[in-house]
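According to numbering that gives the first Met the number 0, the sequence shown is numbered sequentially starting from 0. This report concerns only the one structure given below.
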Amino acid sequence: MQQGLQTSCLTGRRALVTGSTSGIGLAIAESLAQAGANLVVHGLVDAEEGQALAQSLAEKYKVDCHFLPGDMSDATAIEQLVQNAQIALGGLDILVNNAGVQFTARTENFPLDRWQSVLDINLSACFIAIRAALPAMQAQGFGRIVNIASVHGLVASIEKAAYVAAKHGLVGLTKVVALENANAGITCNAICPGWVDTAIVAKQVAARASRENITEACAQRALVQDKQPMIRMTAPSAIGDLVRFLCTDSGQTLTGTALPVDGGWTAQ
Ligand SMILES: NC(=O)c1ccc[n+]([C@@H]2O[C@H](COP(=O)([O-])OP(=O)(O)OC[C@H]3O[C@@H](n4cnc5c(N)ncnc54)[C@H](O)[C@@H]3O)[C@@H](O)[C@H]2O)c1
């Protein structure tokens with residue numbers, strides 16, 4: 000069997016992945032567990048569903064896996080989530096800030112409460128989680144922080160004022176945390192995906208299909224084609240595998256970056 004990234008390179012590492020009950024977060028959790036990391040999965044599902052997911056990952060990958068809830072728009076809940084993850088796993092080596100939401104409207108029509116919640120969940124939650132996780136990482140001299148930003152952390156699209164502002168902010172936050180911890184054994188990077196085939200995109204596909212009276216398959220192709228030279232969505236597992244690489248010893252000097260995984264979107 001091939002050794003290295005595929006198997007046990009993260010054995011014994013302890014990871015919290017926010018928003019990991021679906022989509023990209025679940026793929027990240029699977030990729031880390033496959034490499035041997037013990038995990039806390041987290042998301043908006045009910046406790047029974049979350050615990051069943053944790054149990055299935057634990058059995059599949061022979062790792063320790065727990066489910067913890069926590070609303071990422073509530074600062075106290077985020078601090079408790081980090082603290083409870085540290086207690087459940089006996090510490091924390093890896094923090095992946097993945098939970099995120101989208102809302103689209105032109106700026107002049109953007110509801111204030113939606114602006115606030117997109118900023119809270121996509122940006123402030125990452126700051127609060129990082130702030131809570133850093134002291135123990137600094138004390139142990141090891142940490143890997145990965146923020147799932149977006150191409151919208153690097154470039155803009157219409158009707159995404161809050162999302163683009165939040166993701167640009169997240170790329171900036173990533174750089175500050177990387178600089179402040181450059182000699183503390185801690186790296187901090189942002190991943191900037193283009194289109195990834197998940198539920199967050201499904202709404203935009205459905206809206207385009209209904210607006211243009213076309214099938215969802217045609218709508219998905221049209222959405223991708225508008226932005227990406229490569230007319231295919233990225234698989235969630237590809238983001239999971241990149242997170243895993245960043246968490247290995249090979250990633251120890253890779254810090255402060257914003258890595259596009261975008262089919263050439265930002266190369267144009
Ligand atoms: N799918 C894409 O094309 C794409 C592209 C670029 C970036 N991203 C980013 O990837 C991340 C994951 O998105 P996804 O595509 O997997 O979407 P998704 O909707 O499948 O997953 C979002 C996750 O966030 C969690 N979440 C949302 N609001 C929450 C809240 N208030 N409290 C706690 N958890 C909450 C959900 O439970 C879910 O697990 C997001 O940050 C998103 O912005 C996605």
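C-beta atoms are modelled at their ideal positions from N, C-alpha and C, and glycine is treated no differently.
Contact test: residue i Cβ vs ligand 1 heavy atom, cutoff 8 Å
i	result
Trp264	no
Thr75	no
Gln121	Correcting the residue identity first, residue 121 is Asn in this sequence and not Gln. Because some heavy atom of ligand 1 lies under 8 Å away, the Cβ of Asn121 counts as near it: yes.
Tyr162	yes
Lys159	no
Ser21	yes
Val145	no
Cys191	yes
Asn97	yes
Ser156	no
Ile127	no
Residue(s) in a DSSP beta bridge with residue i
i	result
Arg143	Ile93, Thr186
Phe66	Val40
Leu15	Val39, Leu94
Cys191	Pro259
Continuous alpha helix (DSSP H) stretch holding residue i: start and end
i	result
Pro235	235-246
Val100	Unbroken run through Val100: none, as it is neither H nor E.
Arg207	198-211
Val176	160-179
Arg113	111-118
Arg220	215-226
Check whether residue i and residue j have beta carbons under 9 Å apart
i	j	result
Ile199	Gly42	no
Val223	Gly262	yes
Met71	Ala124	yes
Leu245	Thr186	yes
Asn272	Leu169	The requested residue 272 is not part of the displayed model; the chain covers only 0 to 267.
Asn180	Met136	yes
Leu15	Ala132	yes
Ala218	Ala208	yes
Residue i: first and last residue of the uninterrupted beta strand (DSSP E) it sits in
i	result
Ala34	Ala34 -> no beta strand (DSSP E), and no H or E assigned at all.
Ala257	257-260
Exposure label - residue i; buried when at least 16 CB within 10 Å
i	result
Asp112	exposed
Gly3	Residue placement at Gly3 is flagged as unreliable, the pLDDT there being 43, under the threshold of 50; the coordinate-derived value follows with that caveat. It counts as exposed.
Asp248	exposed
Asp119	buried
Gly11	exposed
Asn37	buried
Arg210	exposed
Met0	In this prediction, Met0 has a pLDDT of 39, which is less than 50 and means its spatial position is unreliable; what the coordinates show is noted afterwards. Label assigned to Met0: exposed.
Ala148	buried
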